[in-house]
Every structure is written in structure tokens, then in C-alpha cells.
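Going left to right, the first sequence walks through residues 3 to 422 as our numbering numbers them. We treat Cβ as the ideally placed atom computed from N, Cα and C, and that holds for glycine. Here is the structure we will look at.
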Amino acid sequence: TFCYNCLLEVLVKAGRHRQGYRIYCEEMLATCEPDVYTYAALLRGFCRAREVDEACRLFDEMKARNLVPNVYLCSILIDGLCKTKKSNEALRVFRDMQKSGILADTVIYTSLLSGFGREKKLNEALELLEEMIEDGCQPNLVTYNSLIDGLCKDNQTDRARELLEKMKREKCMPTLVTYNTMLDGLFRAGKMDDAIALFEEMLSMEIAVDVVTFNIVISGLCRAGKIEAALSSFHRLMGKHCQPNVITYSVLIDGLCKSNRVNQALKLLASMKEAGCAPDVVTYTMLVDGLCKESRVAKAADVLREMLDSGCVPNLVTYNSLLHGLCKMKRVTEALNLMRQMSDKGVKPNVITYGTLIDGLCKIGQVEEAYKLLGELVEKGGTPDLVIYNILINGLCKQDKVDDSIRLLGKMIETGLKPD
RNA sequence: UUUUUAGACUCGACGU
Numbered sequence: 003t004f005c006y007n008c009l010l011e012v013l014v015k016a017g018r019h020r021q022g023y024r025i026y027c028e029e030m031l032a033t034c035e036p037d038v039y040t041y042a043a044l045l046r047g048f049c050r051a052r053e054v055d056e057a058c059r060l061f062d063e064m065k066a067r068n069l070v071p072n073v074y075l076c077s078i079l080i081d082g083l084c085k086t087k088k089s090n091e092a093l094r095v096f097r098d099m100q101k102s103g104i105l106a107d108t109v110i111y112t113s114l115l116s117g118f119g120r121e122k123k124l125n126e127a128l129e130l131l132e133e134m135i136e137d138g139c140q141p142n143l144v145t146y147n148s149l150i151d152g153l154c155k156d157n158q159t160d161r162a163r164e165l166l167e168k169m170k171r172e173k174c175m176p177t178l179v180t181y182n183t184m185l186d187g188l189f190r191a192g193k194m195d196d197a198i199a200l201f202e203e204m205l206s207m208e209i210a211v212d213v214v215t216f217n218i219v220i221s222g223l224c225r226a227g228k229i230e231a232a233l234s235s236f237h238r239l240m241g242k243h244c245q246p247n248v249i250t251y252s253v254l255i256d257g258l259c260k261s262n263r264v265n266q267a268l269k270l271l272a273s274m275k276e277a278g279c280a281p282d283v284v285t286y287t288m289l290v291d292g293l294c295k296e297s298r299v300a301k302a303a304d305v306l307r308e309m310l311d312s313g314c315v316p317n318l319v320t321y322n323s324l325l326h327g328l329c330k331m332k333r334v335t336e337a338l339n340l341m342r343q344m345s346d347k348g349v350k351p352n353v354i355t356y357g358t359l360i361d362g363l364c365k366i367g368q369v370e371e372a373y374k375l376l377g378e379l380v381e382k383g384g385t386p387d388l389v390i391y392n393i394l395i396n397g398l399c400k401q402d403k404v405d406d407s408i409r410l411l412g413k414m415i416e417t418g419l420k421p422d
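In C-alpha cells:
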């Protein structure tokens, strides 16, 4: 059992959890008894791959083998649920855990708290903070960092800063992660001057900044449409403080694409490869998307080819970008075919996939067909969002079906969505 | 005198 556990752990760490699971099923069960460590490794593998349903199944399987879950196992599962934005479900698992007599610790509370923060449920997060203290679990550096991140992403940068000061008073010293979090928050909140000031302050502090810091600055500048400033920061800062990584290049490539400078983005792709930095599926997808938006489908196909040759596997976003490209060129039939193909390859269409195709159909006047796709989305358990309704309402209006459009608007409001 | 199986925090891409 111990040997197999080690093997599973190595496989999982290398992202080969599927293989690990096969060994568990085919060899391990036949020769020895799996224990809680076995399940910890497997759960972690599935959670990391965001296959949380499978993780939940394994968790039940483990209980069926009369193994008693402990705080580690619960924590892995709860963290997996939180990271897939199912913090309410995570909280349910947590309450069950408490009922069964397992004592919670700081790590598990922090997972939950950061999960609620991720879903912008700051009140719940703050309630958990109080609860954990009452429960005898002291918030630590990670807990505070998670809360600062949640507050920032909910546009509450002032409260985040207060929390940072509070940390210092409580002698829980902020680290680089804390400052990086705060810096990113200021950029996202559009507080450019504050962000730049904090960055300068960071450069003068004892703590050495890292590539994440630079990536935050460069992406902040790109998001604000300051691509030139981003490029000059890149040239100025990189090499001196640290080496750019795949994210650094990708941020810039995306920035260039979004400023309609796709050719320059392609040049940057070449230089990143020269610098020995391997582009990943995200990098290539940005370029495919940029090229499709300029209707350069042939070039997009070249980039896609290169991506496949380099061993990257197209993911949901890659497909969505391609589908958007096809729809833009009114090649909606091909797009529909591609959507079926992606399902066959195990890439499950999401609400954005449907939105892309529904819009494509509306724009070629096939609102009826678009409605059918909406039906399909709902059938498959998806929930139409505001954008989907906007697309259809717009499509109906363009067909002068204003009454239908008003009816749909009413239906949308019934589901609790606010029109924008 | 010290380490050998498990968990939490920050950066990038897609639809109106």
C-alpha cells in the first residue's frame, strides 16, 4: 500500500491522475488495501484537474470501504469544490464533517473563506472569519491574504488596505504574496496611481519582487489600454529583476492582439520561443482568437497547427474562439459541426459556446434555430445568463419581433436576472 | 539534537 501510495502521489503531482486512477483500479485493489493516503492522492489529482464530481464519487467510495475521512481528506475535497465555485456545496461538506466530530483547522477554514471570496460572497467570508476564531482556529498569513484578495476583487480595495494594516499590527507580517495581491487589486479597481505608487514602494522594500509582480504590472497596464507602457516596462524591468515567463509573454501577446496589432503579437511569439520560453495552450488561443477577429482564418489555422504540433491540446476556450471565428464569417453550419466534434473529444460546451452559436444563428437570421440551441443548453443542465438573453432579445428585435422580444425580457426577469 | 506518503493565499485567453 505504501509503495502504491508513493507512486500515486508522484503521478498526481505530474498531472497524470488518470493513469494513477487506472493503477488504483487495476492493480492496487487486486493486491492490497487502499488507505486514507491512497484516497488523498487520488482526490487531489481529480480536484487539481477540476474533475470534482469524480472526486466526490471517490470520497463516497472511500466511505463505502469503511475508511473514515479525516480533516486532510475533507480539506482536499472542500478546496476542490471551492475552486470550481461551489462554495455552498463545500460548506455543506464542511458542516457534515463537523457533525461527524472531525475538528476543523485553520487550513480548511481558509479554503472556504477564499472560496467565498472568489464568488464575491464577502459577507459569508467575514462570517467564517469570526466563526473560525470562536472555534479556536487562529487566522494566519494565508487567511489574511485570501481575504485581501477577496476584498480587492470585490472592488473593496480600501477595506483590503485596512486589513493589511491590521495584519501588521497583529504582527502577522505581510509577504510578497500579500503585496502582489494588493497591487493586482488596485490595478483591477482602476486605481492606477495608487497601484504605481505601491509598486514603487515595493521596489524600495526589503522584500524582493518577483515575476508575478511584473506580470501584474504589465497586465494592469494592458487592461487599461496602455500597451506601449506595458511593452516599455517589459523591456525595462525584465532581465534586471527576473526572467519573463509564459504568462509575461502571453499577457503582452493578448494586449497586442486586443490593440489590433496581431502581427506584432506574432513577432513576440517568435521571440519568446527564441528566448526558450514555451508557449502554452493559452498563448496560442489568444493568437487564434486575435487572428479570427481580424478574419484571418488561414493564419489562425497555421497557428492552430503549430499549437497541435507542439503538443498542446485545444481546450474549451480554444474551441470557443474558433467557433466565434467561424460564426463571424457566417460559417455557422461548420461551427455547429465543430461544436459536436468538441463534445466527442470530451470538451464540454459551456454557456459561452452556446452564446457564440446562438449569436451566430441570430446574425444570419435563424432565430428559430437559435431558440432550439437555447433549449439544448437548458436540457443539458446549463443556465442561460444575461448575455444569452441579450443576444436573443437583440436577434428578435432585428427581425421586428418586438412582442416576442418583450415576452423574453419578461421571462428573463422572472428568472431573477437584471437587464443591463 | 534535525527531515522521508496527503490539504489553504497573488499574475494570462473565449460569447451580446
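Residue i versus the options, residue with shortest Cα-Cα distance
| i | options | result |
| --- | --- | --- |
| I393 | Y41, E378, L410 | L410 |
| I255 | C399, L268, G327 | L268 |
| V73 | R67, E121, Q100 | Q100 |
| C275 | V248, T287, L289, G313 | First, the residue type needs correcting, since residue 275 is Lys and not Cys in the sequence shown. For the residues V248, T287, L289, G313, the minimum Cα distance to K275 belongs to V248. |
| C224 | K374, Y23, T250, V353 | T250 |
| I415 | R190, P386, R24 | P386 |
| R46 | N68, G17, G222, E63 | G17 |
| K301 | S116, L289, L310 | L289 |
| T1 | L200, Q140, D195 | Here the chain comprises residues numbered 3 to 422, so residue 1 is not present and cannot be evaluated. |
| G357 | C244, E230, L379, N339 | L379 |
| E296 | N262, L324, P281, C329 | N262 |
| I198 | F216, D62, A210, D212 | F216 |
| T177 | A191, N142, R190 | N142 |
| D406 | Y373, N182, S273 | Y373 |
| K193 | G222, V213, I104 | G222 |
| N68 | D37, D212, Q266, S252 | D37 |
| C244 | V253, S273, V211 | V211 |
Per-residue burial, residue i [other beta carbons within 10 Å of its own, 16 or more giving buried]
| i | result |
| --- | --- |
| H237 | exposed |
| P421 | exposed |
| S89 | buried |
| I408 | exposed |
| R59 | exposed |
| M207 | exposed |
| I390 | buried |
| V219 | buried |
| N147 | buried |
| V12 | exposed |
| F4 | exposed |
| L83 | buried |
| I78 | buried |
Backbone secondary structure at residue i - three-state DSSP
| i | result |
| --- | --- |
| M134 | helix |
| C450 | Beyond the ends of the chain as shown, which are 3 and 422, falls residue 450; an answer cannot be given. |
| D37 | coil |
| S345 | helix |
| K88 | coil |
| L105 | coil |
| Q158 | coil |
| D402 | coil |
| C174 | coil |
| T417 | coil |
| V299 | helix |
| R409 | helix |
| K123 | coil |
| Q21 | helix |
| E230 | helix |
| I1 | Coverage of the chain is limited to positions 3 through 422, which leaves residue 1 absent and any answer about it impossible. |
| C5 | helix |
| T385 | coil |
| S221 | helix |
| S261 | coil |
| R52 | coil |
| C279 | coil |
The ligand FAD heavy atom lying under 7 Å from the CB of residue i
| i | result |
| --- | --- |
| V179 | Absence of the ligand FAD is noted for the structure shown, with no ligands found whatsoever. |
Residues that DSSP places opposite residue i in a beta bridge
| i | result |
| --- | --- |
| M207 | According to DSSP, M207 bridges with nothing at all. |
| M240 | C244 |
Anticipated Cβ contact below 8 Å, residue i with residue j, distance rounded
| i | j | result |
| --- | --- | --- |
| N322 | T355 | 5 Å |
| V353 | L318 | Between L318 and V353 the Cβ distance is about 11 Å, and since that is not below 8 Å, they are no contact. |
| T320 | V283 | 6 Å |
| A92 | I80 | 5 Å |
| F48 | E56 | 5 Å |
| T160 | C139 | Checking the sequence shown, residue 160 turns out to be Asp, not Thr. Not really, about 27 Å apart at Cβ, beyond 8 Å. |
| L205 | D196 | The Cβ separation is near 15 Å, so there is no contact. |
| C399 | D361 | Actually they are not in contact, since the Cβ atoms of C399 and D361 sit about 14 Å apart, beyond 8 Å. |
| K122 | K155 | 7 Å |
| C76 | V95 | 7 Å |
| L114 | L131 | Not a contact, Cβ separation roughly 10 Å. |
| M341 | L363 | 12 Å between Cβ atoms; not a contact. |
| G152 | R120 | 7 Å |
| Q401 | V369 | 6 Å |
| M184 | A162 | 6 Å |
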